[in-house]
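Asker: Residue numbers (the numbering used here), protein chains in the order written: chain A, 280 to 682; chain B, 240 to 488; chain C, 94 to 388; chain D, 22 to 360. Just dropping this structure here.
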């Protein structure tokens with residue numbers, strides 16, 4: 280940690296100057312100048328779609344906070360930079376935000392691939408780094424001290440409820456074989472393999488284990504393998520479009536599993552239409568549902584819908600959650616500027632729980648959240664929570680009807 | 240082997256090369272007289288240039304052999320053949336357009352070993368040698384200008400100088416008189432005789448009969464990819480087969 | 094342990110894939126034949142056509158196949174224009190090299206425009222027969238794939254007839270084999286080359302529509318097509334359309350079969366392995382005599 | 022004399038940059054440009070001398086980066102030993118690649134260069150047990166515990182040093198017999214062979230040297246940046262940017278690629294700021310590349326000097342007129358005539 284400390288000292292001096300020059304008085308001043316929050320997001324390139332989703336979440340958060348009078352009585356101001364989905368960019372963006380623009384706080388970018396390099400920048404400049412997207416294992420393996428993942432669970436824990444449910448099924452009905460196809464992306468792969476590990480441990484045989492590159496557009500080959508394996512259940516470690524393509528390819532081969540779970544894709548609004556409305560029974564883990572009864576969520580959904588004319592999805596929620604987490608720390612510690620304040624924020628988050636739109640969050644010393652995802656399923660033409668029992672909206676449909 | 244021991248020069252045996260359906264060279268067996276000025280004449284498309292290209296390794300033959308001073312050089316890489324002592328010019332002369340006249344000559348200097356390759360190309364002896372050639376061609380005043388800025392005739396002379404700079408003992412010239420004025424033809428002809436006097440062998444493909452007849456010792460007539468006659472100018476002039484080949488009577 | 098059914102299924106998929114490769118590679122070969130040009134932008138135009146088909150479907154809700162009526166002539170014109178305005182103006186000495194850069198820049202521009210206009214979102218045409226399939230000797234063949242293959246086959250046939258039967262085709266072949274000679278017998282090689290480019294680009298329009306029927310499209314997709322296509326034309330022998338078609342079929346099937354043991358990503362490397370092998374083992378065979386290599 | 026002075030001045034400016042830079046961010050921008058300058062100059066060993074255009078140098082740089090990273094993480098070599106070893110390995114690999122690509126002329130080389138990037142991407146993604154695949158590869162810092170700002174400054178000087186080395190070698194070759202031979206190949210490969218230049222060997226050596234320096238650039242980048250990911254390391258765009266920089270600056274000039282790196286580097290920044298969240302920067306890059314290739318294939322330096330000639334030294338024009346027609350007949354007319 281002495282490294283970060285030294286960085287803080289080297290950074291602190293100029294920062295103070297800058298703050299004073301701006302007419303503020305450093306210590307969480309209630310005076311005019313806004314709290315500037317620096318964010319780099321993939322607004323173009325491969326990750327641009329979810330990137331824009333996160334951006335909407337951040338914007339919604341800023342609007343709601345400012346309408347309520349701001350943080351510590353100061354307006355929050357978001358400074359977005361586009362990293363073009365590239366690692367060089369994301370790093371130089373945070374270099375610029377922290378080193379040149381001297382922002383007071385930073386929020387994380389999208390996609391594990393960009394989170395790790397940018398978290399390193401924030402770490403070495405001693406900035407608190409709450410991020411909405413780095414869910415994969417290796418994010419936490421980097422042993423960052425300042426990083427917090429603002430979502431209920433790391434990728435490998437997304438399917439925990441489903442794994443428990445399946446293994447609890449009676450011997451005769453429980454699936455015996457499973458086929459896995461995962462995009463070669465730390466997050467998508469992480470979700471599928473998290474389930475795979477647990478099911479294999481529970482004695483469910485893996486008959487197909489395919490990893491495909493993110494650019495794959497033709498899934499007929501993979502589908503052929505899965506269909507030929509006649510696996511009882513199929514698990515897709517997917518994002519959006521690849522999941523749709525895989526399902527369509529499986530339909531083309533008329534493969535009918537008894538259970539089908541896909542990451543992310545089924546939770547997207549136009550999923551059902553994209554696969555020809557044969558979505559009945561398809562499962563998906565989700566860290567967020569607009570229906571959640573958490574007080575802050577009710578406000579979020581209502582105001583977000585007012586602002587953007589549609590309910591938020593998971594990306595937006597993750598962005599918003601990031602804002603909530605940082606805000607909680609800032610309000611508790613009572614400061615928001617570079618330098619020693621950041622350390623206080625970090626320490627506070629390590630020891631406290633934060634209520635968010637995805638429920639209460641708390642983290643281990645590596646910033647790994649301690650929860651698990653809910654499991655949703657398409658039941659009667661709409662996607663509803665079926666697991667865990669406590670928060671279910673519909674009964675789990677098993678075996679899955681034909682598609 | 241040294242040139243002294245034998246008078247054998249450039250020879251081809253049953254050399255054949257065809258493009259698609261067209262047979263450009265049809266099992267041609269020719270031997271050119273070493274130490275003399277040889278001419279290779281024949282109607283357009285009779286395979287003269289193809290022979291040049293096969294002999295100098297630019298094109299691989301379908302069959303047959305090429306030997307130079309008794310050594311088999313069939314299908315060898317062009318630079319190997321060049322280093323064996325065969326120099327050539329190209330039809331529609333070719334120089335290095337974006338290089339200075341001087342560099343056009345210095346390129347031909349043979350470096351051996353890493354040290355020489357990495358040594359500066361501005362070597363005084365070589366530059367002097369190059370200037371010598373430029374003077375003989377009468378274009379030494381253009382030393383510094385880029386080759387592409389020279390006139391057509393000047394480029395012809397430059398190409399010849401470049402070939403000589405590589406110090407070959409047999410020089411193949413493809414239409415040296417092509418598209419140049421009489422005075423220059425005169426000059427080139429003179430140079431050829433002069434160099435031949437200093438022991439250089441020449442093989443010239445040329446349509447300008449006056450030039451051929453005036454400077455060549457030995458003439459080979461090509462038709463449909465094979466030699467149909469050879470001998471001294473006087474004999475060739477009166478050879479009926481040659482007239483037929485040319486005039487198709 | 095690999096079941097015969099799976100092998101057969103993969104083989105069929107390979108053939109269907111190979112058909113599309115064949116059509117697109119044929120276009121690439123044509124450019125190379127007429128102008129000694131490696132047309133990097135071919136696959137970018139392919140993706141452009143796919144986007145047009147998708148957009149057409151979004152607007153009119155008609156079957157994307159109808160978009161061909163617009164795209165084919167459009168692309169033909171674009172091809173002629175490209176040859177006339179860009180390629181033909183390059184210095185012959187360095188044309189092959191520079192044309193690569195020019196077409197590359199065109200590809201970048203197209204990708205950028207697509208991204209700007211349609212955003213980076215993955216797009217896919219949703220047809221009521223998207224999930225439908227036919228039974229064929231125990232294997233299942235998706236209807237959309239059949240249509241795509243049919244399109245490709247038809248286009249290839251048309252291409253064959255044009256080059257082999259028509260007078261223009263004669264001139265085209267002459268230009269490809271020996272430009273100088275062609276000029277001597279009074280062929281306007283410039284014009285022929287222009288049309289050659291147009292036809293080649295038109296194949297991209299057809300290929301793009303076929304592509305859009307069954308797969309997702311996104312602006313940077315073309316990078317994943319140009320590599321295999323270039324390998325195919327080298328393996329097939331630059332300039333020879335039949336050779337190209339053979340190579341395309343072969344590599345298409347190989348890829349699809351190799352997916353069974355090695356998985357998707359490794360299977361893709363077959364194209365490049367074939368490319369390197371070809372160049373290392375016998376390049377002359379495909380590139381003509383040494384003098385003919387100055388492409 | 023004047024040249025030396027200018028050189029010293031330039032060097033002085035570069036070396037004093039970190040001190041003048043208002044914040045670490047500016048230093049990183051400087052590093053980015055230096056890195057590109059190194060790559061573009063290294064590319065110029067092939068592109069400039071022999072005229073063979075490679076779009077695959079981005080891949081070679083990525084290879085250098087991964088080689089260095091893996092030698093540190095897997096083989097446990099000290100950072101800079103790994104850097105050198107990595108460059109050697111890449112150079113060794115360049116031999117078979119060059120063999121396949123350069124035996125025949127023209128087209129196949131370009132095709133191979135692009136294919137190289139694509140296959141490397143596939144391999145480094147799939148072989149994740151070794152390369153880390155999409156999980157990425159974290160390269161430990163050579164100077165542990167050094168504050169980030171200092172880290173940047175240090176690497177700025179390292180990159181500047183590497184650039185100096187590359188420029189020096191390019192200059193040495195440029196004036197050597199070897200260099201003259203390479204330039205002859207660019208001008209007319211058959212002709213050079215007929216003069217006894219072993220063109221294939223020359224091209225191969227140039228390619229290998231180029232690969233080695235490119236790998237050094239990539240490796241140094243890996244040590245500085247710390248996080249490698251196949252998707253970003255093996256991108257055709259890097260290659261095309263390198264080409265654009267070299268061509269724009271002028272491939273026949275020692276400092277051409279450096280100039281190009283400055284211009285393009287700045288240009289990309291500008292477009293990102295102006296049209297941030299659209300991929301218009303691709304269009305811009307594309308158009309710029311097209312314009313350069315079509316209208317000033319020799320880069321801005323000659324373009325400007327030609328302009329200067331025409332304005333202030335009309336004397337040279339006279340010879341041009343004479344030759345223009347003749348040369349046109351050879352279908353190899355100088356660019357001036359075309360415009």
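The beta carbon of each residue, even a glycine, is placed where N, CA and C say it ideally should be.
For chain C, find out if any of its Cβ atoms is closer than 7 Å to the Cβ of residue 513 (chain A); answer yes or no.
Answerer: For the purposes of this step, residue 513 (chain A) is taken as the residue at position 234 of the first chain. It does not; no Cβ of chain C falls within 7 Å.
Asker: Compare the C-beta of residue 572 (chain A) against all C-beta atoms of chain D and say whether one is closer than 7 Å.
Answerer: Taking the first chain and counting its residues from 1, the one referred to as residue 572 (chain A) is at position 293. Judged by the 7 Å Cβ criterion, residue 572 (chain A) is not in contact with chain D.
Asker: Since I believe residue 384 (chain A) is in contact with residue 605 (chain A) (beta carbons under 8 Å), could you give me their beta-carbon distance rounded to a whole number of angstroms?
Answerer: Numbered from its first residue, the first chain carries residue 605 (chain A) at position 326. Numbered from its first residue, the first chain carries residue 384 (chain A) at position 105. About 6 Å; that satisfies the 8 Å criterion.
Asker: Using the beta-carbon count (16 or more within 10 Å), is residue 302 (chain D) buried or exposed?
Answerer: The residue labelled residue 302 (chain D) in the question sits at position 281 within the fourth chain. Label assigned to residue 302 (chain D): buried.
Asker: Using DSSP with H/G/I as helix, E/B as strand and the rest coil, what is residue 512 (chain A)?
Answerer: The sequence position of residue 512 (chain A) within the first chain is 233, counting from 1. Here residue 512 (chain A) sits in strand by DSSP.
Asker: Looking only at its chain, what residues have a beta carbon closer than 6 Å to the beta carbon of residue 407 (chain A), apart from the 5 residues adjacent to it on each side?
Answerer: On the first chain, residue 407 (chain A) is found 128 positions in, with the first residue counted as 1. Answer for residue 407 (chain A): 425, 621, 624 and 625, listed in chain order.
Asker: Assuming residue 270 (chain D) and residue 322 (chain D) are in contact, meaning their beta carbons sit under 8 Å apart, how far apart are those beta carbons, in whole angstroms?
Answerer: The residue given as residue 270 (chain D) occupies position 249 in the fourth chain. The residue given as residue 322 (chain D) occupies position 301 in the fourth chain. With a Cβ gap of about 7 Å, residue 270 (chain D) and residue 322 (chain D) count as contacting.
Asker: If you measure from the beta carbon of residue 380 (chain B) to each beta carbon in chain D, is any gap under 7 Å?
Answerer: Residue numbering aside, residue 380 (chain B) sits at position 141 when the second chain is read from its first letter. Residue 380 (chain B) does not count as touching chain D.
Asker: When the Cα of residue 370 (chain B) is compared with those of B:345, B:270 and B:351, which residue comes out closest?
Answerer: For the purposes of this step, residue 370 (chain B) is taken as the residue at position 131 of the second chain. Of B:345, B:270 and B:351, the residue nearest in Cα terms is B:345.
Asker: Under 7 Å Cβ to Cβ from residue 393 (chain B), same chain only, skipping five residues before and after it: list those, please.
Answerer: Along the second chain, one-based indexing puts residue 393 (chain B) at 154. 378 and 381.
Asker: Would you list the one or two residues that DSSP bridges to residue 326 (chain B)?
Answerer: Taking the first residue of the second chain as position 1, residue 326 (chain B) is located at position 87. Answer is B:410, bridged to residue 326 (chain B).
Asker: Against chain A, does residue 122 (chain C) count as a neighbour if the rule is that its beta carbon must be under 7 Å from one of theirs?
Answerer: Translated into the one-based positions of the third chain, residue 122 (chain C) becomes position 29. Not one chain A Cβ lies under 7 Å of residue 122 (chain C).
Asker: Are residue 254 (chain B) and residue 300 (chain B) close, meaning C-beta to C-beta below 7 Å?
Answerer: As a working note, residue 254 (chain B) is residue 15 in the second chain. As a working note, residue 300 (chain B) is residue 61 in the second chain. Yes, the Cβ-Cβ distance between residue 254 (chain B) and residue 300 (chain B) is below 7 Å.
Asker: Across which residues does DSSP place residue 159 (chain D) in a beta bridge pair?
Answerer: Residue numbering aside, residue 159 (chain D) sits at position 138 when the fourth chain is read from its first letter. Residue 159 (chain D) is bridged to D:248.
Asker: Does the beta-carbon of residue 298 (chain C) have 16 or more other beta-carbons within 10 angstroms, so that it is buried, or is it exposed?
Answerer: By 1-based counting over the third chain, the position of residue 298 (chain C) is 205. Residue 298 (chain C) is buried by the Cβ-count criterion.
Asker: When you compare the segment 423–433 of chain B with the segment 297–313 of chain B, are there three or more beta-carbon pairs, one atom per stretch, that lie closer than 8 Å?
Answerer: Counting Cβ pairs under 8 Å, fewer than three are found: no touch.
Asker: What span of residues does the beta strand (DSSP E) with residue 457 (chain B) cover, start to end?
Answerer: Residue numbering aside, residue 457 (chain B) sits at position 218 when the second chain is read from its first letter. 457–462 is the extent of the beta strand (DSSP E) around residue 457 (chain B).
Asker: Take the Cβ of residue 215 (chain D) as the centre, count every other Cβ of all protein chains shown within 10 Å, and call the residue buried at 16 or more, exposed below.
Answerer: Numbered from its first residue, the fourth chain carries residue 215 (chain D) at position 194. Counting Cβ neighbours within 10 Å, residue 215 (chain D) comes out buried, since at least 16 surround it.
Asker: Let me know the secondary structure DSSP gives residue 232 (chain A) once reduced to three states.
Answerer: Shown here, chain A extends from 280 to 682; a query on residue 232 (chain A) therefore has no answer.
Asker: So the beta strand (DSSP E) residue 277 (chain B) belongs to, where does it begin and stop?
Answerer: Here residue 277 (chain B) is taken as the residue at index 38 of the second chain, counted from 1. That run of the beta strand (DSSP E) goes 276–280.
Asker: Please check if any C-beta of chain A sits within less than 7 Å of the C-beta of residue 356 (chain C).
Answerer: Here residue 356 (chain C) refers to the residue found at position 263 when the third chain is read from its first residue. Output row for residue 356 (chain C): interface = yes.
Asker: In terms of alpha-carbon separation, which member of A:380, A:438, A:577 and A:352 lies closest to residue 617 (chain A)?
Answerer: Position 338 of the first chain, counted from the start, is the residue given in the question as residue 617 (chain A). Per the Cα distances, A:380.
Asker: Pick out the complete beta strand (DSSP E) segments inside the segment 394–434 of chain A, 3 residues or longer, and give them in chain order.
Answerer: Counting whole runs of 3 or more residues, the segment 394–434 of chain A contains the beta strand (DSSP E) stretches 408–410 and 426–428.
Asker: Applying the 10 Å Cβ sphere with the 16-neighbour rule, what's the burial state of residue 366 (chain C)?
Answerer: As a first step, residue 366 (chain C) is located in the third chain; it is residue number 273 there, counting from the start. Exposed, because fewer than 16 other Cβ atoms sit within 10 Å of the Cβ of residue 366 (chain C).
Asker: Could you tell me whether any non-hydrogen atom of the ligand ATP is closer than 6 Å to the CB of residue 375 (chain A)?
Answerer: In the structure on display, the ligand ATP does not appear, and there are no ligands present to speak of.
Asker: Can you confirm whether residue 492 (chain A), when its beta carbon is compared against all beta carbons of chain D, has any partner nearer than 7 Å?
Answerer: For the purposes of this step, residue 492 (chain A) is taken as the residue at position 213 of the first chain. It does; some Cβ of chain D falls within 7 Å.
Asker: Give every residue of the same chain whose Cβ lies closer than 6 Å to the Cβ of residue 522 (chain A), excluding the five residues on either side of it in the sequence, and list them in chain order.
Answerer: Position 243 of the first chain, counted from the first residue, corresponds to residue 522 (chain A). Counting only Cβ-Cβ distances below 6 Å, and skipping sequence neighbours, we find 515, 541 and 544.
Asker: Tell me which same chain residues have a C-beta within less than 6 Å of the C-beta of residue 280 (chain D), skipping the five on either side of it?
Answerer: Along the fourth chain, one-based indexing puts residue 280 (chain D) at 259. Same-chain partners within the cutoff: 270.
Asker: Report the option in C:169, C:204 and C:190 whose CA atom is closest to the CA atom of residue 130 (chain D).
Answerer: Here the question's residue 130 (chain D) lines up with position 109 in the fourth chain. Answer by Cα proximity: C:190.
Asker: Could you compute how far the alpha carbon of residue 158 (chain C) sits from the alpha carbon of residue 149 (chain C)?
Answerer: As a working mapping, residue 158 (chain C) is identified with position 65 in the third chain. As a working mapping, residue 149 (chain C) is identified with position 56 in the third chain. Rounded to whole angstroms, residue 158 (chain C) to residue 149 (chain C) spans 9 Å at the Cα level.
Asker: Would you tell me roughly how many angstroms separate the C-alpha atoms of residue 341 (chain C) and residue 395 (chain B), rounded to the nearest one?
Answerer: Locating residue 341 (chain C) in the third chain gives position 248, where the first residue counts as 1. Locating residue 395 (chain B) in the second chain gives position 156, where the first residue counts as 1. When rounded, the distance between both Cα atoms is 48 Å.
Asker: With contact counted as at least three CB pairs below 8 Å, one residue from each stretch, are the segment 671–682 of chain A and the segment 280–288 of chain B in contact?
Answerer: They do not touch, by the three-pair rule.
Asker: If you measure beta-carbon to beta-carbon, which residues of the segment 517–545 of chain A are closer than 9 Å to chain D?
Answerer: Taking 9 Å as the Cβ-Cβ cut-off against chain D, none of the residues of the segment 517–545 of chain A qualify.
Asker: Taking the alpha helix (DSSP H) that residue 395 (chain B) falls in, what are its first and last residues?
Answerer: In the second chain, residue 395 (chain B) corresponds to position 156, counting from 1. Note, residue 395 (chain B): alpha helix (DSSP H), 391–404.
Asker: Just how far apart, CA to CA, sit residue 4 (chain D) and residue 322 (chain C)?
Answerer: In the structure displayed, chain D extends from 22 to 360; residue 4 (chain D) sits before or after that span and is not available.
Asker: Check whether the segment 297–317 of chain C and the segment 451–458 of chain B touch, using three or more Cβ-Cβ pairs below 8 Å as the test.
Answerer: No, they do not touch.
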